[in-house]
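Engineer:
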Amino acid sequence: MLTRLSGRRRGSGSAPTGGASGIEHPILAGLVAAGRLAVPAAARARARAVEQGLPLPVVLRELGLLGEEEWVEAAVTQLGVERAGPEEVPPTPLLEELFARSFLRHNRVLPLAADDRELRLGMVDPADAALVHAAAVASGRNVVPVVMSVEAVESAHARYWDQGAEAIARIVADLGEEEAGAEAAEAVAEAEEAPVVRLVDQLLADAVRLRASDLHVEPAPERLRVRFRVHGSLREGAAPPARLGPAVVSRIKILAGLDVAERRLPQDGRTRLRIGGRPVDLRVATMPTIHGESVVVRILDHAQRRVALSELGLPPGIEARFARQLGAPHGMLLVTGPTGSGKTTTLYAALQQLDATSAKIVSIEDPIEYQLPGITQIQVRPEIGLDFARVLRAVLRHDPDTVMVGETRDPETAEVAIHAALTGHLLLTTLHTNT
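Residue numbers (the numbering used here): 1448 to 1882.
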């Protein structure tokens, strides 16, 4: 007789089986041996996984110690397991009668395929023997573990069960065909009780709940593609019918104060809303495509707690070196990485480390994500010619000790920033890179 598996299981968060380093885990040990993780950082991640009962790759991601792709590649190398991508995810959950949602979601596992004898199980940590055994007992099958990224598993779970997806499905069911066309989009989007308004509200609420940095709404021939950028990766959301695209885009444009009738040219706007009872700033950018207008909404949630330097998850040696550099009287600190990787979070953590009472600290930002006490913060406005380079030149005439430039986007800003670093100022900035 089989018993339905529910709740939490101690997987990769289980206590180590021996040794003093606390990293007796084949994938983790391989990463340490390859020099990708320092022993103290690996031990800290393992200890937190044990304490919280979470899979190791989830903790490594939260601490910012390792990218998901690196973990997946290490699992394939160390264990010889196969990897599974989003294309293998079933359209509906498998074996729901055997595995409770809470078990699947907490342990980040996903049944991919099953017959009478075998279960192909997507796992973020295929080295978790206890979890493999639990799944085998619950299913009555031989379990073949395959590795998946945390993002792929969480995205599948969200698509299956998130309340936001269910709410969107109900809202779409309420929408009539007469609300679909571009001609009716403006009128529908302005009606505060219209289903499309509730649809957009739900999409924004989902983005805030997921702590997404961006919401993407992209028209396609069959469906309106909705994606959320979480931890630097795009996660698929519920996909409403393509016919709703014009009304959804019009509603977002109305919120941002854009011209609803202009669909041929890109537009940019911004607004502040209360979502889930807290203030959230939105930056909206539209772009015409062959299937209609595409929209990206940058989400700045002021209720999210600022992270201290000690909470960034840096290896102790790097954290100490970074802190020492912050104490230098002049020079440049450059934080690089892709969109959503935490560049701005790192700069804010650095600014909080500085003493604003004995030094003049100025930040130049687009946008200002958090207000920091004691720091002069300036918002750039490119539409009136107030860009990073121009503001930086002006700031240097105001006797600053430390200047933070939100992003070095062009050669002119880079030239002025380097000049500032060479003439007695400490300059902090970011540079967008792919890795």
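The C-beta atom is built at its ideal place from N, Cα and C for all residues, glycine as well.
Fair warning: this is a prediction, and the values are worked out from it, not measured in the lab.
1. Please classify Gly1789 as buried or exposed, where buried requires at least 16 neighbouring CB atoms within 10 angstroms.
2. In angstroms, rounded to a whole number, what distance separates the CA positions of Met1851 and Asp1661?
3. On the criterion of 16 or more Cβ atoms from any shown chain inside 10 Å, does Pro1592 qualify as buried, or is it exposed?
4. Specify, as a first and last residue, the run of the alpha helix (DSSP H) that Ala1560 falls within.
5. Considering only residues of the stretch 1735-1820, which uninterrupted alpha helix (DSSP H) runs meet the minimum length of 4 residues and lie entirely inside it, listed in chain order?
6. Since I believe Leu1513 is in contact with Leu1551 (beta carbons under 8 Å), could you give me their beta-carbon distance rounded to a whole number of angstroms?
7. Could you check what DSSP says for Leu1646 in three-state terms: helix, strand or coil?
8. Under 7 Å Cβ to Cβ from Arg1548, same chain only, skipping five residues before and after it: list those, please.
9. What did DSSP end up calling Ala1547 once you bin it into helix, strand or coil?
10. Determine the direct distance from the alpha carbon of Ile1699 to that of Tyr1817, and round the result to whole angstroms.
11. Considering only residues of the same chain and omitting the five flanking positions on each side of Ala1806, which have a CB-CB separation below 8 Å?
12. Residues bridged to Glu1565 by DSSP?
13. Are Ala1652 and Phe1675 touching if we call contact CB-CB under 7 Å?
14. Within its chain, find whatever has a CB closer than 8 Å to the CB of Gly1821; leave out the 5 residues flanking it on each side and keep chain order.
15. Could you say if the stretch 1775-1787 and the stretch 1865-1878 meet the contact criterion of at least three C-beta pairs nearer than 8 Å?
16. Are there three or more Cβ pairs, one per stretch, closer than 8 Å when the stretch 1851-1871 is compared with the stretch 1825-1843?
17. Output the residue ranges of the beta strand (DSSP E) runs that lie fully inside the stretch 1675-1745 and measure 3 residues or longer, sorted by chain position.
18. Which same chain residues, not among the five before or five after His1872, have their C-beta less than 8 Å away from its C-beta?
19. Tell me Glu1665's beta-bridge partners as DSSP assigns them.
20. Quick one: what's got a C-beta closer than 8 Å to Ala1638's C-beta in the same chain, skipping five residues either side?
21. So what does His1879 bridge to, in DSSP terms?
22. Let me check you understand the geometry: is the CB of Ala1576 closer than 6 Å to at least one non-hydrogen atom of the ligand HEM?
23. Val1742 and Thr1792 look like a contact to me (Cβ under 8 Å); what is the Cβ gap, rounded to whole Å?
24. Measure the C-alpha to C-alpha separation of Glu1709 and Ile1746 and round it to an integer number of angstroms.
25. Three-state secondary structure (DSSP) at Arg1508?
26. Could you spell out where the beta strand (DSSP E) holding Thr1849 opens and where it closes?
27. For Val1584, which of helix, strand or coil comes out of DSSP?
28. Excluding the 5 residues flanking Thr1870 on each side, which residues of the same chain have their C-beta closer than 6 Å to its C-beta?
29. Give me the Cα-Cα distance between Gln1826 and Glu1534, rounded to the nearest whole angstrom.
30. Taking DSSP as the reference, what is the three-state secondary structure of Ile1865?
31. DSSP on Ile1822, reduced to helix/strand/coil?
32. Alpha carbon to alpha carbon, how far is Leu1545 from Val1731? Give it in angstroms, no decimals.
33. Would you kindly check if the distance between the Cβ of Ala1603 and the Cβ of Leu1557 is under 7 Å?
34. Hey, quick one: how far does the alpha helix (DSSP H) through Ala1489 stretch, first residue to last?
35. Would a C-beta distance cut-off of 7 Å place Gly1679 and Gly1527 closer than the cut-off?
36. Over what stretch of residues does the alpha helix (DSSP H) that includes Ser1596 continue unbroken?
Structural biologist: According to the structure data:
1. Taking the sequence shown and counting its residues from 1, one reaches residue 1789 at position 342. With 16 or more Cβ atoms within 10 Å of its Cβ, Gly1789 is classed as buried.
2. For the purposes of this step, residue 1851 is taken as residue 404 along the sequence shown, with counting starting at 1. For the purposes of this step, residue 1661 is taken as residue 214 along the sequence shown, with counting starting at 1. Their Cα atoms are separated by approximately 23 Å.
3. Translated into positions along the sequence shown, residue 1592 becomes position 145. That one is buried.
4. For this step, residue 1560 is matched to residue 113 along the sequence shown. From DSSP, Ala1560 is part of no alpha helix (DSSP H) but of the beta strand (DSSP E) over 1556-1561.
5. 1763-1773, 1790-1800
6. For the purposes of this step, residue 1551 is identified with residue 104 of the sequence shown, where counting begins at 1. For the purposes of this step, residue 1513 is identified with residue 66 of the sequence shown, where counting begins at 1. Contact doesn't hold; Cβ gap of about 23 Å is too wide.
7. Stepping through the sequence shown from its first residue, residue 1646 is reached at position 199. Helix, per DSSP.
8. Taking the sequence shown and counting its residues from 1, the one referred to as residue 1548 is at position 101. The answer, listed in chain order, is Trp1608.
9. Working through the sequence shown from its first residue, we reach residue 1547 at position 100. In the three-state DSSP reduction, Ala1547 falls in the coil class, being neither helix nor strand.
10. Within the sequence shown, residue 1817 is the residue found at index 370, counting from 1. Within the sequence shown, residue 1699 is the residue found at index 252, counting from 1. One C-alpha to the other measures close to 24 Å.
11. Here residue 1806 is taken as the residue at index 359 of the sequence shown, counted from 1. Once the five neighbours on either side are set aside, the close Cβ partners of Ala1806 are Asp1848, Thr1849.
12. The count along the sequence shown starts at 1 and reaches residue 1565 at position 118. Paired residues: Asn1589.
13. Within the sequence shown, the letter at position 205 stands for residue 1652. Within the sequence shown, the letter at position 228 stands for residue 1675. Against a cut-off of 7 Å, the Cβ pair of Phe1675 and Ala1652 comes out as no contact.
14. Position 374 of the sequence shown, counting from 1, holds the residue named residue 1821. Correct list, in chain order: Ala1803, Thr1804, Ile1808.
15. Verdict: yes, contact present.
16. yes
17. 1680-1683, 1714-1722, 1725-1736
18. Here residue 1872 corresponds to residue number 425 of the sequence shown, with the count starting at 1. Counting only Cβ-Cβ distances below 8 Å, and skipping sequence neighbours, we find His1777, Leu1843, Pro1847, Asp1848, Thr1849, Val1850.
19. Within the sequence shown, numbered from 1, the residue matching residue 1665 stands at position 218. DSSP output for Glu1665 lists Arg1672 as bridge partner(s).
20. Counted from its first residue, the sequence shown places residue 1638 at position 191. Residue confidence is low: Ala1638 scores 49 on pLDDT, short of 50, so the model does not pin down where it sits. No coordinate-derived value is stated.
21. The residue given as residue 1879 occupies position 432 in the sequence shown. Note: His1879 sits in a beta bridge opposite Gly1784.
22. Judged by which ligands are present, the structure shown has none, so any question about the ligand HEM falls away.
23. Taking the sequence shown and counting its residues from 1, the one referred to as residue 1742 is at position 295. Taking the sequence shown and counting its residues from 1, the one referred to as residue 1792 is at position 345. Going by Cβ atoms, the distance from Val1742 to Thr1792 rounds to 25 Å, so no, they are not a contact pair.
24. Here residue 1709 corresponds to residue number 262 of the sequence shown, with the count starting at 1. Here residue 1746 corresponds to residue number 299 of the sequence shown, with the count starting at 1. Going from the Cα of Glu1709 to the Cα of Ile1746 covers about 23 Å.
25. Position 61 of the sequence shown, counting from 1, holds the residue named residue 1508. Three-state DSSP puts Arg1508 in a helix.
26. The residue labelled residue 1849 in the question sits at position 402 within the sequence shown. 1849-1852 is the span of the beta strand (DSSP E), which, as asked, contains Thr1849.
27. Counting from one through the sequence shown, the residue named residue 1584 turns up at place 137. The answer is helix: DSSP assigns Val1584 an H, G or I state.
28. To locate residue 1870, count along the sequence shown from 1; it is residue 423. There are no such residues.
29. Residue 1826 sits at position 379 when you count from the first residue of the sequence shown. Residue 1534 sits at position 87 when you count from the first residue of the sequence shown. So the alpha carbons of these two residues sit roughly 43 Å apart.
30. Residue mapping note: residue 1865 aligns to position 418 of the sequence shown, counting from 1. Helix at Ile1865.
31. For the purposes of this step, residue 1822 is taken as the residue at position 375 of the sequence shown. If DSSP states are grouped into helix, strand and coil, Ile1822 belongs with coil.
32. Taking the first residue of the sequence shown as 1, we reach residue 1731 at position 284. Taking the first residue of the sequence shown as 1, we reach residue 1545 at position 98. Answer to the nearest angstrom: the Cα atoms are 44 Å apart.
33. Your numbering for residue 1557 matches position 110 in the sequence shown. Your numbering for residue 1603 matches position 156 in the sequence shown. Yes, Cβ-Cβ distance for Leu1557 and Ala1603 is below 7 Å.
34. One-based indexing of the sequence shown puts residue 1489 at position 42. Per DSSP, Ala1489 belongs to the alpha helix (DSSP H) from 1486-1499.
35. Looking up residue 1679 in the sequence shown gives position 232. Looking up residue 1527 in the sequence shown gives position 80. The answer is no: Cβ separation not under 7 Å.
36. Numbered from 1 along the sequence shown, position 149 holds the residue referred to as residue 1596. Note, Ser1596: premise wrong, no alpha helix (DSSP H); not H, not E.
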